[in-house]
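Encoded as structure tokens, the structure appears first; notes follow it.
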Amino acid sequence: MTINEIAEMAGVSRATVSRYLNHGYVSQEKRERIKEAIEKTGYQPSTQAQTLRTKKTKLVGVILPKISSDTVSRMVAGISDVLSKRGYQLLLANTNNDIEEELKYLNLFKDNQVDGILFIATIFSARHKKILKECRVPVVILGQRLDGFSCVYQDDFHAALQITERMLRHGRIPAYIGVTDRDEAAGLSRRKGFEAALAAAGIPMRPELMVEGDFSIESGSKNMQSLLEKEPKLDCVFCATDNIAVGAAACLKSAGKQIPRDVQVAGTGDTPIGRYVTPGLTTVHFYYKTSGKEAATMLVEQMEDGRSVNKELKMGFEIIENGSTIS
1 MTINEIAEMA
11 GVSRATVSRY
21 LNHGYVSQEK
31 RERIKEAIEK
41 TGYQPSTQAQ
51 TLRTKKTKLV
61 GVILPKISSD
71 TVSRMVAGIS
81 DVLSKRGYQL
91 LLANTNNDIE
101 EELKYLNLFK
111 DNQVDGILFI
121 ATIFSARHKK
131 ILKECRVPVV
141 ILGQRLDGFS
151 CVYQDDFHAA
161 LQITERMLRH
171 GRIPAYIGVT
181 DRDEAAGLSR
191 RKGFEAALAA
201 AGIPMRPELM
211 VEGDFSIESG
221 SKNMQSLLEK
231 EPKLDCVFCA
241 TDNIAVGAAA
251 CLKSAGKQIP
261 RDVQVAGTGD
271 TPIGRYVTPG
281 LTTVHFYYKT
291 SGKEAATMLV
301 EQMEDGRSVN
311 KELKMGFEII
321 ENGSTIS
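Numbering (the UniProt record's numbering), first residue to last: 1 to 327.
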């Protein structure tokens, strides 16, 4: 079965079928006839022929830090929703938070192995920036802001500010468990939001009550133990992620502290684990799936329309109050 035979069955020109297959404009009536002919015959266009003709692969490279992450999976779901409808396939590159793996995949994708790149980033080194500038295909950054590139990112600063402010209505000895400042979103911006809330409340910042770990539950528990040893009377703790907060809460319970009466606990991300602990975790809901859709839409515009103007979109958020803080 050839494209000419499909055109003959549908009563349209070969060019019209070609436009249909390449997602160009075709009237609704002709679109229905072509669709019916394809469904009757099971016709599959040659991917190799399309690539040779259009110089397009219809592939998008998605570089992500950890595929098992709930937040990342929500972003990828949004990306997939948009790209699949536009006829693109995803090449998922899971780096397991390994910078060398990120650089390897950026090098692989940058020279037209794909039509575009969606980079779910955490840290930008000088090597990252160099390779990104060398990319011959459109790039959209998701989850971080980077000058000179189209980006979709979360309002981490104000989210941390607002959720800390809520805890400080009933708490006066706050602590913070975060991640490295090299991660400008989950690390630096959330820490700065916490500090801004303390400043607004007139509470002195105590560096010894601000610690860094990794994204794990174990890190939250270990760091919470360290904070309790430094300040047994602390009465609220803001955590950069829900996993960290769950670990912190487990440590507090083991130490005989009641949540939230003795110590309030808040996280970030509104992940499922926070909804299945007791008490439920007060947290920040980011619209991760929507941000994935927005990033994919930006990329499609660049790939298909040749738009070179960079765009930035900062997403909103919602505070989800549960039983781990005092209302």
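Beta carbons: idealized from backbone N, C-alpha and C, even for Gly. Here the structure is a predicted model, which is why all the values come from computation and not from measurement.
Gln302 is the residue among Ala185, Asn22, Gln302 and Gly269 whose C-alpha sits nearest the C-alpha of isoleucine 117. Straight-line spacing of the CA atoms in glycine 202 and lysine 58 works out to 55 Å. The Cβ-Cβ distance between isoleucine 99 and serine 125 falls below 9 Å. Per DSSP, the unbroken alpha helix (DSSP H) holding glutamine 302 starts and ends at 288-305. Between the segment 311-320 and the segment 131-151, the count of Cβ pairs shorter than 8 Å is three or higher; the stretches touch. Bridge pairing for asparagine 94: Leu64 [DSSP].
By the criterion of a C-beta distance shorter than 6 Å, serine 221 is surrounded in its chain by Gly247, Ala250 and Cys251, once the five residues flanking it on both sides are discounted.
In the displayed model, phenylalanine 157 falls within a helix according to three-state DSSP. Annotated as proximal: glycine 213 and isoleucine 244, with beta-carbon spacing under 9 Å. When secondary structure is reduced to three states using DSSP, glutamate 218 falls in the helix class.
In the DSSP assignment, valine 140 falls within the beta strand (DSSP E) that extends over 139-142. Counting along the chain, leucine 118 sits inside the beta strand (DSSP E) bounded by residues 116-120. Counting C-beta atoms within 10 angstroms of its own C-beta, glycine 87 has fewer than 16 neighbours from the protein chains shown and is therefore classed as exposed. Among the bridge pairs identified by DSSP, proline 174 is matched with Cys236. In this structure, the beta-carbon distance from alanine 295 to valine 179 does not fall below 9 Å.
With contacts defined by Cβ atoms closer than 9 Å, lysine 56 and aspartate 111 do not form a contacting pair.
Between the alpha carbons of threonine 278 and proline 260 lies a distance of about 11 Å.
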